[in-house]
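Enquirer: Numbering-wise, the sequence shown is residues 1 to 176 according to the working numbering.
In this text, a Cβ means the ideal position worked out from N, Cα and C, and glycines have one as well.
What follows is a structure written as structure tokens; I'll ask about it next.
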Amino acid sequence: ELAKTAKDMLSPTLVELDQTWGLDHGTWSVVKHLYPNADVPVIQLSIDYTQAPQFHFNLAAKLQQLRNKGILIIGSGNMIHNLGLVDFRNFDKDNYGFDWAIEAREIFNKNLLEYNFESLINYQKLPKAVQLAVPSPDHYLPLIYILGLHRKDEQITLFNDKFVAGSLNMTSVKIA
């Protein structure tokens, strides 16, 4: 029922309902910590990577009604997610980030806390450090959905702002 409601909200964008797939790792790996008893209904929205970030921002805004009904929406990804450059020798080193990753985090966090969504939507125009941080959009686009769900009267809070293995960052963004 909830998936059908979301599909209707996203019209005229074509959304197909599919109950044959299990939950993606980006969904269950977060939900299992929030609700370890798995006692909440969960639906997930696949992301069309062929579409521009502005498309995703606009699509997310259509889901605002779900938040108004008290439905929690989670965008699970990483702003800094370059698996090709992971430093496995320093995987367990606390808060270890490469210089370019630290620079990218500063750019992302500054834009988030200043509500500069335009720059974050057009991340391809940001400095080279950001391009290294986002070599593909799969882990970045969930942030764009969260930005599209933001209401003007809400604050943005950052937490868990930690690096892993040089090229991954676990910063979480809360809007409320």
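1) Relative to the alpha-carbon of residue 19, which residue among 44, 27, 25 has its alpha-carbon at the smallest distance?
2) Pick out whichever of 54, 13, 173 has its Cα sitting closest to the Cα of residue 156.
3) With DSSP as the reference, label residue 69 as helix, strand or coil.
4) So, residue 144 versus residue 57, is the Cβ gap smaller than 8 angstroms?
5) Quick check: residue 146 and residue 70, are their CB atoms within less than 8 angstroms of each other?
6) Rounded to the nearest angstrom, what separates residue 111 and residue 129 at their Cα positions?
7) Is residue 82 a contact residue of the ligand NAP, with contact defined as CB to any heavy atom under 7 angstroms?
8) Determine the direct distance from the alpha carbon of residue 67 to that of residue 148, and round the result to whole angstroms.
9) If I measure Cβ to Cβ from residue 142 and keep anything under 7 angstroms in the same chain, skipping five residues before and after, which residues do I get?
10) Flag this pair as yes or no: are the beta carbons of residue 97 and residue 135 separated by less than 8 angstroms?
11) Closest to residue 165 by C-alpha separation, out of 81, 176, 16, 9, would be which residue?
Expert: Let me lay it out:
1) The candidate whose alpha carbon is nearest that of residue 19 is 44.
2) Comparing Cα positions, the closest option is 173.
3) Coil.
4) Yes; because the gap between Cβ atoms is below 8 angstroms, this pair is in contact.
5) In this structure, residue 146 lies away from residue 70, with their beta-carbon atoms at least 8 angstroms apart.
6) Whole-angstrom Cα-Cα distance: 14 angstroms.
7) Among the ligands in the structure shown, none appear at all, so the ligand NAP cannot be discussed.
8) Taken atom to atom, the span from the alpha-carbon of residue 148 to that of residue 67 is near 12 angstroms.
9) 75, 76, 77, listed in sequence order.
10) If you check the CB distance, residue 97 and residue 135 do not come in under 8 angstroms.
11) Of all alpha-carbon atoms in 81, 176, 16, 9, the one lying nearest the alpha-carbon of residue 165 is that of 81.
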